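*Asks:* Every number in the numbering used here is 154 more than the matching position in the sequence shown, counting from 1. A virtual CB, placed ideally from N, CA and C, is assigned to each residue, including glycine. Just so we're clear, the structure is a prediction, and the values are computed from it rather than from any experiment.
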Amino acid sequence: MTHATGPDGQPQAPRLPPRARGLVVTAYVLLVTAVAIDLSQDPQWTVSPVLATAPVLASIGTRRPRVPLLVGLGALALVAPLALADDEVPLLVHLTSAFTVLAITSVSTANVVLVATRERELLESRSVAEAAQHTLLRPPPERLGGLRVAVRYLAAAAEARVGGDLYETLLTPFGTRLLMGDVRGKGLAAIDTAAAVLGTFREAAQVEPSLAAVAGRLDAAMGRRQPGEEFVTAALVQVTGPGRAELVNCGHLPPLRCRPGRAGGMDVDEVPTPEPQPPLALLGMAGGAYRGRPFAFERGDLLLLYTDGVTEARDAAGRFYPLAERLATMPDAPPAALLDRIVADLLAYAGGELSDDAALLAVRREH
Numbered sequence: 155m156t157h158a159t160g161p162d163g164q165p166q167a168p169r170l171p172p173r174a175r176g177l178v179v180t181a182y183v184l185l186v187t188a189v190a191i192d193l194s195q196d197p198q199w200t201v202s203p204v205l206a207t208a209p210v211l212a213s214i215g216t217r218r219p220r221v222p223l224l225v226g227l228g229a230l231a232l233v234a235p236l237a238l239a240d241d242e243v244p245l246l247v248h249l250t251s252a253f254t255v256l257a258i259t260s261v262s263t264a265n266v267v268l269v270a271t272r273e274r275e276l277l278e279s280r281s282v283a284e285a286a287q288h289t290l291l292r293p294p295p296e297r298l299g300g301l302r303v304a305v306r307y308l309a310a311a312a313e314a315r316v317g318g319d320l321y322e323t324l325l326t327p328f329g330t331r332l333l334m335g336d337v338r339g340k341g342l343a344a345i346d347t348a349a350a351v352l353g354t355f356r357e358a359a360q361v362e363p364s365l366a367a368v369a370g371r372l373d374a375a376m377g378r379r380q381p382g383e384e385f386v387t388a389a390l391v392q393v394t395g396p397g398r399a400e401l402v403n404c405g406h407l408p409p410l411r412c413r414p415g416r417a418g419g420m421d422v423d424e425v426p427t428p429e430p431q432p433p434l435a436l437l438g439m440a441g442g443a444y445r446g447r448p449f450a451f452e453r454g455d456l457l458l459l460y461t462d463g464v465t466e467a468r469d470a471a472g473r474f475y476p477l478a479e480r481l482a483t484m485p486d487a488p489p490a491a492l493l494d495r496i497v498a499d500l501l502a503y504a505g506g507e508l509s510d511d512a513a514l515l516a517v518r519r520e521h
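#1: On the three-pair Cβ rule with 8 angstroms, is the region 344-361 touching the region 420-428?
#2: Taking the beta carbon of F253 as the centre, do at least 16 other beta carbons fall within 10 Å, making it buried, or is it exposed?
#3: Between V178 and V210, what straight-line distance do the alpha-carbon atoms span, to the nearest angstrom?
#4: Decide if G329 is buried, meaning its Cβ has at least 16 other Cβ atoms within 10 Å, or exposed.
#5: Verify the contact flag: A358, CB atom, against every heavy atom of the ligand PLP, threshold strictly below 7 angstroms.
#6: Can you name, in chain order, every residue of its own chain whose Cβ lies under 7 angstroms from the Cβ of G382, other than the five neighbours on each side?
#7: P171: buried (16+ other C-beta within 10 angstroms of its C-beta) or exposed?
#8: Residues bridged to G405 by DSSP?
#9: Please report the straight-line C-alpha distance between R306 and R495, rounded to a whole angstrom.
#10: Am I right that A435 and F355 are in contact with their C-beta atoms under 8 angstroms? What's the rounded C-beta distance?
#11: Who pairs with Y307 in a beta bridge, going by DSSP?
#12: Measuring only the C-alpha atoms, how far is R245 from A237?
#13: Roughly how many whole angstroms lie between the Cα atoms of Q392 and L401?
#14: Going by DSSP, which residues form a beta bridge with D336?
#15: Taking buried to mean at least 16 other C-beta atoms within 10 Å of its own C-beta, is G505 buried or exposed?
#16: Would you give the residue range spanned by the alpha helix (DSSP H) that F449 belongs to?
#17: Would you call R331 buried or exposed, if buried means 16 or more other Cβ atoms sit within 10 Å of its Cβ?
#18: Just to confirm, are G397 and A450 a CB contact at a threshold of 8 angstroms?
#19: Tell me whether the region 263-283 and the region 212-223 touch, counting them as touching only if at least three CB pairs, one residue from each stretch, are closer than 8 angstroms.
#20: Which residues in the same chain have their Cβ closer than 6 angstroms to the Cβ of P295, if we skip the five residues on either side of it in sequence?
#21: The alpha helix (DSSP H) that contains P489, what's its start and end?
#22: Rank A350, Y182, R411, D511 by C-alpha distance to the C-alpha of A399 and give the top, closest one.
#23: DSSP on Y182, reduced to helix/strand/coil?
As structure tokens, this is what we get:
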């Protein structure tokens with residue numbers, strides 16, 4: 155559920171679900187009914203202590219401190235007529251009720267101020283992180299080295315911190331090179347790590363003949379930062395001669411290769427990785443070196459790289475989004491149109507919002 159901002163830039167409270175609104179309205183009705191009965195019935199008993207619930211109810215679903223404050227003062231003002239109507243009740247009871255209403259009003263107002271301040275700080279922090287993220291993730295050209303390219307980036311719900319998903323597409327002397335990665339962690343620290351990975355990739359991809367060597371350079375750069383505290387999963391792809399491509403998978407989700415299939419759908423299969431390889435920054439712990447694996451990437455084939463924000467999206471029953479299965483039912487289409495279909499289907503599956511950022515990169519070989 156996202157938090158909008160008002161004209162003054164302050165966060166607005168999320169709209170209460172219908173069931174919660176019904177409970178709050180019921181509580182108000184009960185409170186008003188109790189006061190009305192008290193004013194018209196036996197002067198030997200009183201409900202004045204119940205008035206302390208009024209500012210608490212008013213603080214639900216608002217980010218404006220004056221709402222519980224004004225309601226609490228109104229409830230405090232009602233203590234006097236109840237004391238007059240219930241003149242056989244000891245005065246001490248009414249005084250206790252007045253002090254209770256005043257105390258609960260102060261607490262409810264302070265709580266609204268605290269929540270609104272915290273949400274404003276989170277909103278500002280997220281805005282800074284998103285601006286940095288968008289600066290790093292440059293939109294790729296529509297066509298690159300014989301490939302048609304499209305990217306979609308989906309930000310998570312406002313309550314979630316910005317993630318560290320990253321991607322890049324480069325035309326190099328050794329072929330077209332692609333990167334899809336996901337930083338462990340969230341927020342500005344993840345953006346800083348993503349910036350380091352992208353900077354290293356953009357430099358190494360232009361000078362290293364071997365894609366595995368590029369992955370090694372990325373691992374070394376990560377290892378010089380904070381070993382053992384952060385890592386990045388990444389899939390690196392190199393598209394070279396006719397029908398040829400190579401994958402180096404550093405602990406990332408395997409790319410999907412799609413071809414036009416029967417009955418209007420597509421044939422979808424994972425690009426195989428020979429054996430598990432560690433994420434960036436963890437190669438030293440596992441030993442050895444990264445290895446690439448060639449795979450067939452023919453004219454007309456589409457390659458889809460993605461992050462776990464896609465496959466870990468859940469429906470109302472808690473089931474993960476079955477990307478490959480859903481993709482197989484979609485008609486063959488250009489990369490941009492296909493990603494639009496995936497995004498629409500993903501959001502519908504997840505109820506309109508994601509709990510984690512998600513990135514998708516689709517490339518189709520045109521020749």
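*Replies:* The structure says:
#1: no
#2: Residue 253 sits at position 99 when you count from the first residue of the sequence shown. So F253 ends up on the exposed side.
#3: By one-based count along the sequence shown, residue 178 stands at place 24. By one-based count along the sequence shown, residue 210 stands at place 56. Cα to Cα, V178 sits roughly 10 angstroms from V210.
#4: The residue given as residue 329 occupies position 175 in the sequence shown. Label assigned to G329: buried.
#5: Questions concerning the ligand PLP fall outside what the structure shown contains, since it holds no ligand whatsoever.
#6: Taking the sequence shown and counting its residues from 1, one reaches residue 382 at position 228. Bear in mind that the predicted position of G382 carries a pLDDT of just 47, short of 50, making it unreliable; the figure below should be weighed with that in mind. Cβ neighbours of G382 beyond the five flanking positions: none.
#7: By one-based count along the sequence shown, residue 171 stands at place 17. It is exposed - the Cβ of P171 has fewer than 16 other Cβ atoms within 10 Å.
#8: Walking along the sequence shown from the start, residue 405 turns up at place 251. According to DSSP, which records beta bridges pairwise, G405 is partnered with A388.
#9: By one-based count along the sequence shown, residue 306 stands at place 152. By one-based count along the sequence shown, residue 495 stands at place 341. The straight-line gap from Cα to Cα measures roughly 11 angstroms.
#10: The residue labelled residue 435 in the question sits at position 281 within the sequence shown. The residue labelled residue 355 in the question sits at position 201 within the sequence shown. Contact doesn't hold; Cβ gap of about 14 angstroms is too wide.
#11: Indexing the sequence shown from 1 puts residue 307 at position 153. Answer is A513, bridged to Y307.
#12: Position 91 of the sequence shown holds residue 245. Position 83 of the sequence shown holds residue 237. The identity of residue 245 in the sequence shown is Leu, whereas the question assumes Arg. So the two alpha carbons sit approximately 7 angstroms from each other.
#13: As a working mapping, residue 392 is identified with position 238 in the sequence shown. As a working mapping, residue 401 is identified with position 247 in the sequence shown. Going by the C-alpha atoms only, they are around 7 angstroms apart.
#14: Within the sequence shown, residue 336 is the residue found at index 182, counting from 1. Looking at the DSSP assignment, D336 forms a beta bridge with D319, T387.
#15: Position 351 of the sequence shown, counted from the start, is the residue given in the question as residue 505. So G505 ends up on the exposed side.
#16: By one-based count along the sequence shown, residue 449 stands at place 295. Where F449 is concerned, there is no enclosing alpha helix (DSSP H), although the beta strand (DSSP E) it sits in stretches over 447-450.
#17: Within the sequence shown, residue 331 is the residue found at index 177, counting from 1. Buried, since its Cβ has 16 or more Cβ neighbours within 10 Å.
#18: Locating residue 397 in the sequence shown gives position 243, counting from the first residue. Locating residue 450 in the sequence shown gives position 296, counting from the first residue. Contact: yes.
#19: yes
#20: Position 141 of the sequence shown, counting from 1, holds the residue named residue 295. No residues qualify anywhere along the chain.
#21: Translated into positions along the sequence shown, residue 489 becomes position 335. Segment 489-503, the alpha helix (DSSP H) holding P489.
#22: Against the sequence shown, residue 399 aligns to sequence position 245. Measuring from the Cα of A399, the nearest candidate turns out to be R411.
#23: Numbered from 1 along the sequence shown, position 28 holds the residue referred to as residue 182. Three-state result, Y182: helix.
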